[in-house]
Amino acid sequence: MISVRGLTKDFGRVRAVDDLTFDVAPGTVTGFLGPNGAGKSTTMRMLLGLDRPTSGTATVGGRRYAEHAAPLREVGALLDASAVHPGRTGRTHLRIAARTNGIPLARVDEVLDRVGLTGAAGRRVKGYSLGMRQRLGIAAALLGDPPVLLFDEPVNGLDLEGVRWIRSLFRECAAEGRTVLVSSHLMSEVQLVADRVVIIGRGRLVADAAVGEVVGAAGRRVRVRSPRADALARLLAERGEVTSAGPDELDVVGLTEAEVGTAAHEHGLPVHHLAEVAGSLEAAYWSLTEGEVEFRGEDAAAPEQEVAG
Amino acid sequence: MTVLRTFGRTVAAEWLRLVTVRSTWVLLVLLALAVTALGALAGYDAAQGAGFDAPARTAWDDARFTLLFLLFGLVALSCVATASDYGTGGIVPTLQWTPRRGVLLAARTVVVAGVSVLVGMLLLTVAAALVAVQADGLGLSPDVGASTLGDTALVVGSGTVMGVGLGLLTRSTAGALVTAIGLLVVLPLVLGNLPYETLRTLAEHLPGTGAVVVVFGEGPSPETTAAQGRLTLLAWAAGTLLLGGLRLLRTDATR
Chain A
-13 MISVRGLTKD
-3 FGRVRAVDDL
7 TFDVAPGTVT
17 GFLGPNGAGK
27 STTMRMLLGL
37 DRPTSGTATV
47 GGRRYAEHAA
57 PLREVGALLD
67 ASAVHPGRTG
77 RTHLRIAART
87 NGIPLARVDE
97 VLDRVGLTGA
107 AGRRVKGYSL
117 GMRQRLGIAA
127 ALLGDPPVLL
137 FDEPVNGLDL
147 EGVRWIRSLF
157 RECAAEGRTV
167 LVSSHLMSEV
177 QLVADRVVII
187 GRGRLVADAA
197 VGEVVGAAGR
207 RVRVRSPRAD
217 ALARLLAERG
227 EVTSAGPDEL
237 DVVGLTEAEV
247 GTAAHEHGLP
257 VHHLAEVAGS
267 LEAAYWSLTE
277 GEVEFRGEDA
287 AAPEQEVAG
Chain B
4 MTVLRTFGRT
14 VAAEWLRLVT
24 VRSTWVLLVL
34 LALAVTALGA
44 LAGYDAAQGA
54 GFDAPARTAW
64 DDARFTLLFL
74 LFGLVALSCV
84 ATASDYGTGG
94 IVPTLQWTPR
104 RGVLLAARTV
114 VVAGVSVLVG
124 MLLLTVAAAL
134 VAVQADGLGL
144 SPDVGASTLG
154 DTALVVGSGT
164 VMGVGLGLLT
174 RSTAGALVTA
184 IGLLVVLPLV
194 LGNLPYETLR
204 TLAEHLPGTG
214 AVVVVFGEGP
224 SPETTAAQGR
234 LTLLAWAAGT
244 LLLGGLRLLR
254 TDATR
């Protein structure tokens, strides 16, 4: 169990994390989401004792990370895959980790095998691709067979096979009763693998709920296109909530596809496109973090996903 | 008991960290070659009748000057071994695996300084032996040997502890090396030759001056004693380790 209570971190005048409180329960995969600069990595670093909180506490299993006698047996974490001495081999990197926590060296080969790095274990890390470094970091996280796992952007650099593998790894770990916290900017990935999400913006908690609840809150709607969109909008506005979604396009909330199609047919209004647009974690994320984004490009727009069929 | 066990594990890990990077071996090999060559040349000159004019002169006396080279080389090793963790980002996994920073500080200091002292004593003995085998009249007196190796332990030990402190303080290999060279070579040389009493006094209390006084038994002024030199070295070692340690213990683990 990860427990964060009133966690606050200031860097000079900048408040990176602001009175953050949430729990991450065992047996679940929890996505940790937020825009760039939202404070996700800082929160994870405070959990691991790398950064000191200005106030508040972050504990794992009821104790601060540094209070665990053999922390790798309690918490495995991948923060920055490139933070490895490039001159050491992958195997040596893990052997050092094992030594620090009294983990049998035989375990090093086990985790190398599990992450698929056995063949490259004797090579220097400077010759590793980003994906291989990610796998090495994941191997280090798994080394102590810990009940709690933290991953910061774990799919960065992984190929398709690697992404599928890590997805199943998260699910397996949760099924084994472990606590898994995964920070990622890839919403589709998180939606596929997470049971819950903790969303933060500008260091503050925005949402802490099951994925289904968050996605449901973003709402399903019907997208309809008609050359007589104005007339159709007036008609549908009597029965549901209608907004413009572009030239000749409307979004309708509160009606089904069938109801929209029937209404248009009854009034002789032509329809060129009619589809249900699913609520997605990405859409929910955008709506929740609007106003919480510190760095944004000009044309950032919330994407959406039409339901097939 | 838990802290002791953690310390033991961390020492084992720090040893592995030190010996599994190429820079450690490159520095040690270069240093061994340099000190061996210097010992051989000193022995050759001693065999030709050159060298110190001292009563009861031994091979240890002729090889003693190599201690300064050992100091520079091993301080460089300690700076690199400590600060490279920040340059590579390795400090993040290091503190993840050993979050008790005081334990990490103690283990790193013990391993780096301990290895350096042993290497220093070994190489100085090799240099003295090279003098002894070439110069017939110069023996390897056990008493002088013990005293010389004691000074080696003190000079190299305090110098490398200072290197660890500088590495932690600057968090930069280049920064630690430049600071060490400044304190050991440049500042004593420059300040000690200026016509300003205060700056000359300051130079006398720099670690480079302390090392020269311990190695050669005399300093820039007649009043400077070897005991003062030892004290100067120990004070710098303690001071830099304290400051570097405070930075490690009290601040965030930034790259």
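Respectively, the protein sequence lines represent chains A and B. Note that my numbering has the first sequence beginning at -13, numbered continuously upward. Note that my numbering has the second sequence beginning at 4, numbered continuously upward. The C-beta atom is built at its ideal place from N, Cα and C for all residues, glycine as well. Just so we're clear, the structure is a prediction, and the values are computed from it rather than from any experiment.
query	result
CB of Arg111(B) within 8 Å of CB of Thr9(B), strictly	no
Selection of the stretch 38 to 49 of chain A by Cβ proximity to chain B, strictly under 8 Å	Arg38
Residue from Gly247(B), Ala138(B), Ala240(B) and Gly213(B) with nearest C-alpha to Asp65(B)	Ala138(B)
Contiguous beta strand (DSSP E) assignments of at least 3 residues, all confined to the stretch 121 to 163 of chain A	134 to 138
Leu209(B) to Arg253(B) span [Cα, whole Å]	27 Å
CB of Asp5(A) within 8 Å of CB of Thr(-6)(A), strictly	yes
Cβ of Arg74(A) within 8 Å of any chain B Cβ	yes
Per-residue burial, Gly242(B) [other beta carbons within 10 Å of its own, 16 or more giving buried]	exposed
Limits of the alpha helix (DSSP H) - the one that Ala35(B) falls within	Arg25 to Ala50
Chain-ordered chain A contacts of Arg25(B) [CB-CB under 8 Å]	Gly73
Under 8 Å between C-beta atoms of Ser174(A) and Val141(A)	no
Per-residue DSSP class, three states only, for Phe(-3)(A)	strand
C-beta neighbour in chain A for Gly142(B), strict 8 Å	no
Among Arg206(A), Leu116(A), Pro256(A) and Ile152(A), nearest to Ala264(A) - alpha-carbon criterion	Arg206(A)
Against chain B: residues of the stretch 16 to 29 of chain A by CB proximity under 8 Å	none
Residues near Val218(B) in its chain [Cβ-Cβ closer than 8 Å; skip 5 each side]	Arg67, Phe68, Leu70, Leu71, Asp154 and Val158
Selection of the stretch 82 to 95 of chain B by Cβ proximity to chain A, strictly under 8 Å	Ser87, Asp88, Thr91, Gly92, Gly93, Ile94 and Val95
The stretch 224 to 256 of chain B: positions lying closer than 9 Å to chain C by Cβ	Here chain C cannot be found, since the structure's protein chains are A and B.
Helix, strand or coil at Ile82(A) according to DSSP, with G and I counted as helix	helix
Ser68(A) at chain B interface by Cβ criterion, 8 Å	yes
Close-in-space but distant-in-sequence residues of the same chain around Leu143(B) (CB under 8 Å, 5 per side omitted)	Thr61, Ala62, Trp63, Ala131, Ala132 and Ala135
8 Å Cβ cut-off: residues of chain A touching Trp100(B)	Pro57, Leu58, Ile82, Ala83, Thr86 and Asn87
Contacts around Gly90(B), its chain only, beta-carbon distance under 6 Å, and the 5 residues preceding and following it disregarded	Thr176
Simplified DSSP state of Arg188(A), which is helix, strand or coil	coil
Opening and closing residue of the beta strand (DSSP E) in which Glu221(B) lies	Here Glu221(B) belongs to no beta strand (DSSP E), and DSSP marks it neither H nor E.
One or two residues paired with Glu96(A) in a DSSP bridge	None, per the DSSP bridge assignment.
C-beta contact flag for Ala67(A) and Gly123(A) at 8 Å	yes
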